[in-house]
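Since the structure comes first, as structure tokens, the remarks are kept for the end.
2 protein chains.
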Amino acid sequence: MPPEPRTAIATVCLSGTLEDKLAAAAAAGFDGVELFENDLLVSPSSPADIRRRCAGLGLSIDLYQPFRDFEAVPPDVHAANLRRAAHKFDVMAQLGTDTVLVCSSVSPDAIDDDELAAEQLRALADLAQQRGMRIAYEALAWGRHVSGYEHAWRIVRRAAHPALGVCLDSFHILSKGHDPAPIRAIPGEKIFFLQLADAPRLPMDVLPWSRHHRLFPGQGDFDLTAFTGHVLAAGYRGPLSLEVFNDVYRQADPRPAAVDARRSLLALEESLGVRDLPAAPRLTGHAFAEVVTDPGAGAILASLGFARTGVHRTKPVQLWEQGEARVVVNEGGAAHGAVGALAVASTDPARSARRAEALLAPVLPRVRGPREADLASVAAPDGTQVFLCGDDWRDDFVPTGETAAGAGILGIDHVALSQPFDHFDEAALFYRSVFGLTPSPVAEFAAPFGLVRSRAVAAEEVRLTLDSALVRRGEWAPAVPEPQHVAFACADALAAAAAMRAAGAPLLTIPANYYDDLEARLDVPPGLREHSVLYDRDDHGEYLHFATALAGTRVFFEVVQRIGGYRGYGVVNAPVRMAAHRAHRRAGAPAKTAV
Amino acid sequence: MPPEPRTAIATVCLSGTLEDKLAAAAAAGFDGVELFENDLLVSPSSPADIRRRCAGLGLSIDLYQPFRDFEAVPPDVHAANLRRAAHKFDVMAQLGTDTVLVCSSVSPDAIDDDELAAEQLRALADLAQQRGMRIAYEALAWGRHVSGYEHAWRIVRRAAHPALGVCLDSFHILSKGHDPAPIRAIPGEKIFFLQLADAPRLPMDVLPWSRHHRLFPGQGDFDLTAFTGHVLAAGYRGPLSLEVFNDVYRQADPRPAAVDARRSLLALEESLGVRDLPAAPRLTGHAFAEVVTDPGAGAILASLGFARTGVHRTKPVQLWEQGEARVVVNEGGAAHGAVGALAVASTDPARSARRAEALLAPVLPRVRGPREADLASVAAPDGTQVFLCGDDWRDDFVPTGETAAGAGILGIDHVALSQPFDHFDEAALFYRSVFGLTPSPVAEFAAPFGLVRSRAVAAEEVRLTLDSALVRRGEWAPAVPEPQHVAFACADALAAAAAMRAAGAPLLTIPANYYDDLEARLDVPPGLREHSVLYDRDDHGEYLHFATALAGTRVFFEVVQRIGGYRGYGVVNAPVRMAAHRAHRRAGAPAKTAV
Chain Z
3 MPPEPRTAIA TVCLSGTLED KLAAAAAAGF DGVELFENDL LVSPSSPADI RRRCAGLGLS
63 IDLYQPFRDF EAVPPDVHAA NLRRAAHKFD VMAQLGTDTV LVCSSVSPDA IDDDELAAEQ
123 LRALADLAQQ RGMRIAYEAL AWGRHVSGYE HAWRIVRRAA HPALGVCLDS FHILSKGHDP
183 APIRAIPGEK IFFLQLADAP RLPMDVLPWS RHHRLFPGQG DFDLTAFTGH VLAAGYRGPL
243 SLEVFNDVYR QADPRPAAVD ARRSLLALEE SLGVRDLPAA PRLTGHAFAE VVTDPGAGAI
303 LASLGFARTG VHRTKPVQLW EQGEARVVVN EGGAAHGAVG ALAVASTDPA RSARRAEALL
363 APVLPRVRGP READLASVAA PDGTQVFLCG DDWRDDFVPT GETAAGAGIL GIDHVALSQP
423 FDHFDEAALF YRSVFGLTPS PVAEFAAPFG LVRSRAVAAE EVRLTLDSAL VRRGEWAPAV
483 PEPQHVAFAC ADALAAAAAM RAAGAPLLTI PANYYDDLEA RLDVPPGLRE HSVLYDRDDH
543 GEYLHFATAL AGTRVFFEVV QRIGGYRGYG VVNAPVRMAA HRAHRRAGAP AKTAV
Chain W
3 MPPEPRTAIA TVCLSGTLED KLAAAAAAGF DGVELFENDL LVSPSSPADI RRRCAGLGLS
63 IDLYQPFRDF EAVPPDVHAA NLRRAAHKFD VMAQLGTDTV LVCSSVSPDA IDDDELAAEQ
123 LRALADLAQQ RGMRIAYEAL AWGRHVSGYE HAWRIVRRAA HPALGVCLDS FHILSKGHDP
183 APIRAIPGEK IFFLQLADAP RLPMDVLPWS RHHRLFPGQG DFDLTAFTGH VLAAGYRGPL
243 SLEVFNDVYR QADPRPAAVD ARRSLLALEE SLGVRDLPAA PRLTGHAFAE VVTDPGAGAI
303 LASLGFARTG VHRTKPVQLW EQGEARVVVN EGGAAHGAVG ALAVASTDPA RSARRAEALL
363 APVLPRVRGP READLASVAA PDGTQVFLCG DDWRDDFVPT GETAAGAGIL GIDHVALSQP
423 FDHFDEAALF YRSVFGLTPS PVAEFAAPFG LVRSRAVAAE EVRLTLDSAL VRRGEWAPAV
483 PEPQHVAFAC ADALAAAAAM RAAGAPLLTI PANYYDDLEA RLDVPPGLRE HSVLYDRDDH
543 GEYLHFATAL AGTRVFFEVV QRIGGYRGYG VVNAPVRMAA HRAHRRAGAP AKTAV
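Chains Z and W supply the protein sequences, listed in that same order. In this note's numbering, each residue carries its 1-based index in the first sequence increased by 2. In this note's numbering, each residue carries its 1-based index in the second sequence increased by 2.
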């Protein structure tokens, strides 16, 4: 295996003052930073102080970013630019950094003349060389005359100066659909710097797309593995450096954001074959889900046909079972119930835990009682505890001898984890890289109280959905954050709904208007309306599902039936379910929030 | 004056369940609603119940929106579409509405054939006519074959059916830059419906622009007055109906949002000459600003050369003055200090108050003590109290006899009101319509703790700035919400800074890095660095400004000098000021938030 590359992060990726950013980057294990000029300008520390601080944190300063609109300008502007450059080289000398980024000009004054650009960059490189420094020239996707990396490379080659090379930025190249394969033809030593950013495909101009919506590798739609593979194949040996302009990360706590960023590079390196991580073992199913809730969840599970089959040896939690569906109920009287933990069954729990740790997942301490299983667990970005289980976790519970009446539930179909918006993209990367789950495309829908973004992360036997309110600041809407839920699989949703309602289950009532419309549009199975069962179909099959009322304020249960190869989660029906939850609470069920 | 038009609002403009939306629309004084199908589908109320509820609220249902992808399809699809339509006409009959919107098809199955489109729409209109209903056909900006209103009108004219007309939507027309003047040539009785939406100019595809970023008239960049003028000149006599898809309003409290929406129409009607409102009197200046703060503001004002010139007769507030700058300090020990009130001097305070009330500004109750002035005041969208003053407000204060030492402050230059993001667009419309202030373009900048959006609303003698954190959900950043401040004008910022610092004023220290860069880029006046004075310039002049530390946790003062015709507010320097505030707090000043 080739040596692991060094890693760096641009200070613009993270929120806070420069001091906050450096501390977060170092704590996450980065080797270096790209220093953005604005972060320096607002800092009370002198460049020499910053150099010492970075050295103390074990960080190099790999790039300095002060230059815009340098090349291919009239002679007087060129002279002024060189004077400006001389000042910046002074700052760089004090910072102890030797590489400066020069982006292709966006100035209306710039002239479309490669020879002039090369000549002026050569003059700048001369000045840099005298200081032991070098110039990395980058084509901005919206550069006025130079907007492609091959064009930038032609100018660099024409300038033919040892202190002048190119900087490659994955966003500027992939956002425009440029083929990255010709990168292999650039001599590795002339690639002075590599900036990595992913992004979702968005229907907007490239400039606002770049400035607001970049993501860390593996969070978006670009193929960073192929891209970076070309750069490494060219012989580049500098750092893999992240340059992500993102509105959410700009205001999020920089400490977890830096960990998320570093995890993205670890996963990228693994995909490139330059980082050895314990392989992700196969997950064989949901061992259990734990709901933390006000009293009430147990009664609801009983009405769904579950039995309380075990009591934990040392903790105030109970195990409820039906078929292969297992729910641990923690009626600890928490103010807001939620899915507190999920447990996945792994073919090699110890290796799952080693992989999670190698990918910087916080390993949670566990106090083990006598006769209790040694369950490893890690914290997901939103704080959900994820247990990695073998077969022995059940020994923690003293059997009650009760058996489930049963109402057709076979197992857990999926667990729906509503996410704080700041962790939405991070969560998908976490579950993908740590557990080997596959993210689905992001869907967005208008719910009664605002837009919701939704995606699934799934393997064959383990499915999670991640939902997040896109904008939700106000206090007026009920249920902020959105409830989480556990969805159970069954083979006959209509029969299950009938049996559960007969057993007193608090199932939601779905409005007649929904069925009037459904029947006007589609041929649907009979009985949906009678049993308040929701319906969806895709190219592969059909989906029937229904939900209970909330147990407490933040968790409910769902029962789903997949027919044929249906791949979704009934997202199209989420608005009607949300409105029904609100109507149910209004009708008199207890609620914490004003509705 | 022509009759005032009826007003309506699409339920999709507002957040909540249908019941919430109808109540909010009625309370704001709308005459009717456009009912979106999704709002109906998730409602537990039957169409007949909704009809009764609307009647009870005094609302008509002016439009129903169920139809997409109707016209210019193969015969079998057309037959299915007519069956679907028959069902929807049943629903409309129960709702008691007679007009249905049909948007131009976006289906890949649609055929580019105007004759076929006209023929199929004629068949639909026949069906509608039998039920006493009618079809309003609208060109979507992204329609597959029909994307301009003139094209839609050609098809309607070709169909020549009394139950078929056009629906005009300002967004679909103005977003594409289509000339609205030819609307005048459409017979008014063939314009069946008018949908109004404004929007900022954004560099993105028209579909996401339309679905996420529409605004109420007067909040964006479109000329709705000219547009609506053409429609009224054509003879249209139906309602002015708002159809605004906006991510923020989708999740905001629908009650103030509906008031904001209705205010936008009142102002539009005034601009069209179809609504008579008391004209906005000229504002002659800032009478005073009131800061609600922890103890400390008075001491800071003293160090800036202010004197405590008055004590309120009945309330625990004090008047501080220097030159024409007047600050009322309310050291009521509120947990979070802020600008609680601003007072503008009006040439006709009573008419200002009548105008505010006519524009639905909440008039605040005032308890008047003996010998106290009858000050009218209204609540701005963020809750700031705005007093409308003549000359007599000062009688409320018992003079102390103290006089200001003075440090060069001449008056209030502007008041900076940080806004909750949900109220940012609403606030600009409020200050423009109610007080006749002119909004500046929206600026956006990257602050240390996230992006900030900023704009001014100003007249010659009264200036306000509105700042809002674009995304700020986390708890980690200090000072959420952002501090507010009062900026004082002076004629010599360097001299003022020197005098104030000598008097012990807690002025912010600006990093040397800022001046190193400034001097490398520009020829700047000497002394900025020595006195920690910030600098900006525009095409019209220069701007020198400096700030105090926070008084308490949420308010500070600024001193500014305008040279020449500088028009801005030094927004470019906001990040360095924010970082300096944080550094100052870290250095030991009291802070509520962990920094």
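Glycine residues also receive a C-beta, built at the ideal position from the N, C-alpha and C atoms.
For Z/Tyr433, the first and last residue of its enclosing alpha helix (DSSP H): 426-437
Within chain W, the residues that Z/Leu310 reaches when beta carbons sit closer than 9 Å: Residue 310 of chain Z is actually Arg in this sequence, not Leu. Neighbours of Z/Arg310 on chain W: none; closest Cβ ~34 Å, over 9 Å.
Cβ pair count under 8 Å reaching 3, the segment 211-229 of chain W against the segment 411-424 of chain W: no
Any alpha helix (DSSP H) of 4 or more consecutive residues that is wholly inside the segment 11-88 of chain W: 20-29, 39-43, 49-59
Close-in-space but distant-in-sequence residues of the same chain around Z/Gly145 (CB under 8 Å, 5 per side omitted): Cys105, Ser106, Ser107, Val108
Under 8 Å by beta carbon: chain W residues contacting Z/Thr13: Correct list: empty, because the minimum Cβ distance to chain W is about 11 Å.
Other residues of its chain near W/Gly598: CB distance less than 8 Å, five sequence neighbours each side excluded: Nothing in the structure corresponds to residue 598 of chain W, since chain W is present only between 3 and 597.
Contact belief for Z/Asp128 with Z/Ala74 at Cβ below 8 Å, rounded distance in angstroms: Incorrect: roughly 17 Å between the Cβ atoms, too far for contact.
Exposure of Z/Arg587, with buried meaning 16 or more beta-carbon neighbours within 10 Å: buried
Under 7 Å by beta carbon: chain W residues contacting Z/Arg252: Ala448, Gly452, Leu453
Three-way DSSP call (helix, strand, coil) for Z/Glu532 in this model: helix
C-beta neighbour in chain Z for W/Val44, strict 8 Å: yes
Any chain Z beta carbon closer than 8 Å to W/Ala523: First, the amino acid is wrong: residue 523 of chain W is Arg here, not Ala. Yes, contact with chain Z.
Simplified DSSP assignment, three categories, for W/Met135: coil
Contacting positions in the segment 15-26 of chain W - beta carbon closer than 7 Å to chain Z: Ser17, Gly18, Thr19
Chain Z contacts made by the segment 75-90 of chain W, where a contact means CB separation under 7 Å: Arg86, His89
Chain-order list of residues whose beta-carbon lies under 8 Å from that of W/Glu446 (same chain, five-residue window excluded): Leu453, Val454, Arg455, Ser456, Leu472
Outcome for W/Arg523 when other beta-carbon atoms lying within 10 angstroms are tallied against a minimum of 16: exposed
Contact belief for Z/Thr311 with Z/Glu404 at Cβ below 8 Å, rounded distance in angstroms: 6 Å
Classification of Z/Val400 by the beta-carbon crowding that lies within 10 angstroms, buried from 16 upward: exposed
Proximal chain W residues relative to Z/Met206, where beta-carbon distance stays under 9 Å: Leu204, Pro205, Met206, Asp207, Pro210, Trp211
8 Å CB neighbourhood of Z/His542 in its chain, flanking five on each side removed: Gly566, Gly567, Tyr568, Arg569
Extent of the continuous alpha helix (DSSP H) to which Z/His174 belongs: 172-176
CB of Z/Ile63 within 8 Å of CB of Z/Leu97, strictly: yes
Touching by the beta-carbon criterion (3+ pairs, under 8 Å), the segment 340-359 of chain W and the segment 256-271 of chain W: no
Validate contact between the segment 308-323 of chain W and the segment 239-253 of chain W using beta carbons, cut 8 Å, 3 pairs: no
C-beta atoms of Z/Glu323 and Z/Gly413 nearer than 8 Å: no
Contact under 8 Å by Cβ, W/Gln67 with W/Leu126: no
As assigned by DSSP and simplified to three states, the class of Z/Phe195: strand
Span separating the alpha-carbon of W/His89 from that of W/Gln122: 17 Å
Short-range partners of chain Z found in the segment 567-585 of chain W, where Cβ spacing is below 7 Å: Pro577, Val578, Ala581, Arg584, Ala585
The segment 528-540 of chain W touching the segment 509-520 of chain W, judged by at least three CB pairs closer than 8 Å: yes
Beta strand (DSSP E) segment containing W/His416, residue limits: 411-420
Range covered by the alpha helix (DSSP H) that runs through W/Asp469: Here W/Asp469 belongs to no alpha helix (DSSP H); instead the beta strand (DSSP E) covers 465-471.
Reference Z/Glu117; option with closest CA among Z/Val464, Z/Arg356, Z/Arg156, Z/Gly58: Z/Arg156
CB-CB length for W/Gly179 against W/Ala553, believed under 8 Å: So it is not a contact: roughly 49 Å between Cβ atoms.
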